[in-house]
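Whatever position you read off the sequence shown (first residue = 1), add 274 for my numbering.
Worksheet for the structure shown next.
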Amino acid sequence: MRFSKKTVLVIGGNSGIGLASLAAIAEEGAKVYFTGRDQTTIDKAMEQVPGAIGYRIDLTDGPAMEQLFQTLKDKEGRLDVLFINAGIGGFASLRDITEEQWDQIHSINLKGCIFTIQKALPLLDKGSSIVVTGSIGGHIAMNGNTMYAAAKGGLHAGLKVIAGELVTEGIRVNIVSPGPIDTPLLYRNPGITDSDVDKLRDRLTDTVPMGRMGKAEEVARAVLFLASDEASFITGANLCVDGGALELR
Ligand code: NDP
């Protein structure tokens, strides 16, 4: 029960890696709050994870995020763990990318994540731990991944600086970088068909030395480790959970 008496907020906790992490943290005794955009899956997550309280908030909506942190300040005073997991994909080759897609990916995957930390600062103090979901896509060149790679790579770089700035306040900041993980993210491209998803699965599986995609629960285990006091001497780290896809290339 590594999280007993701890208060945890998961940004993007109603699906995939965020939901698996939310459930695992709650099982280890935490009081859990989470956000998402889709009310149906927020309601399902609240049913699935007893005690979890979900809020429908887009993390790019600055005033709504500020209101969330004020609400949590009034209710709880502080956060032990902030897990920022929200993110979207977006494959397109250089010839096809649009400024609109670029801005959307960057406003969620990069700017939204960084400003969420800034807004949460009044709830964070000595002993608090921040974990953010990066991606091995932010470390490697994969054709068609310019927008996502640039956003996640920028996120990794910015978080390293933030880890340095917050270390003297006793706040740890770490990144979990998943490789290909089988989650609803795969189905979210507009117009994607089941056979496209199968092809994408095969293409992604080929990049993994372990020969399979990962499961959301396998990423959650790394998130819980970095969020917990077990990782009390770790900050600024970027832990890949990728079946060897980055290190064994
Ligand atoms: P999912 O699509 O299942 O989950 C994405 C989560 O982010 C959902 O909870 C979604 O909420 C939330 N979210 C997205 N945009 C916003 C927003 N603007 N405001 C608030 N919440 C938002 O995919 P995964 O679980 O796979 O993705 C989780 C993270 O893991 C992402 O950051 C992704 O980039 C990263 N990742 C995933 C990999 C994979 O192979 N699956 C590989 C590497 C990194 P809602 O459903 O309500 O929109």
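We put the beta carbon where it would ideally sit given N, CA and C, even for glycine.
Keep in mind the model is a prediction, meaning the values are calculated, not measured.
- If you check the CB distance, V450 and G510 do not come in under 8 Å.
- P452 sits in a strand when the DSSP states are folded into three classes.
- The beta carbon of T479 sits closer than 8 Å to the beta carbons of P454, G485, R486 and M487 from its chain, once the five residues preceding and following it are set aside; these are given in chain order.
- The three-state secondary structure of V447, taken from DSSP, is strand.
- Q344 and F308 have their C-alpha atoms roughly 15 Å apart.
- Contact between S403 and A501 holds: their C-beta atoms lie close to 5 Å from each other, under 8 Å.
- The beta-carbon distance between I291 and F277, rounded to whole angstroms, is 17 Å. This is too long to meet the 8 Å contact definition.
- Separation of the CB atoms of G386 and T457 is rounded to 19 Å, and the pair is thereby denied contact status at 8 Å.
- Between L395 and L353, the C-beta gap is not smaller than 8 Å, which leaves the two residues out of contact.
- Around L513, the same chain offers V450 and A496 as residues with beta carbons nearer than 6 Å, after the five sequence neighbours per side are excluded.
- The alpha-carbon of A326 is positioned some 11 Å away from that of E301.
- Within 7 Å of the C-beta of D312 there is at least one heavy atom belonging to the ligand NDP.
- Under the three-state reduction of DSSP, F507 is assigned to coil, being neither helix nor strand.
- T420 counts as buried, since no fewer than 16 other beta carbons sit within 10 angstroms of its beta carbon.
- Its Cα nearest to that of G287, the residue D317 stands out among M275, A431 and D317.
- Using a cutoff of 7 Å, the CB of P452 counts as near the ligand NDP, since one of the ligand's heavy atoms is closer than that.
- In the DSSP secondary-structure assignment, T407 is bridged to V450.
- Here DSSP, grouped into helix, strand and coil, assigns I358 to strand.
- Closest option to D503, judged by alpha-carbon separation, among V355, L520 and P324: V355.
- Taking 7 Å as the cut-off, the C-beta of A423 does not count as close to any heavy atom of the ligand NDP.
- By the C-beta density criterion, L346 is buried, having at least 16 other C-beta atoms within 10 angstroms.
- At a cut-off of 7 Å, the beta-carbon of A490 counts as near the ligand NDP: some heavy atom of the ligand is closer than that.
- In the pairwise beta carbon analysis, the stretch 458 to 474 is classified as not touching the stretch 425 to 443: fewer than three pairs are separated by under 8 Å.
- With fewer than 16 other Cβ atoms inside 10 Å of its own Cβ, Y461 counts as exposed.
- In this structure, A519 sits away from P464, with a CB-CB distance that is not shorter than 8 Å.
- Excluding sequence positions up to five before and after A437, its CB lies within less than 8 Å of the CB of R446, V447, N448, T509 and G510, all in the same chain and listed in chain order.
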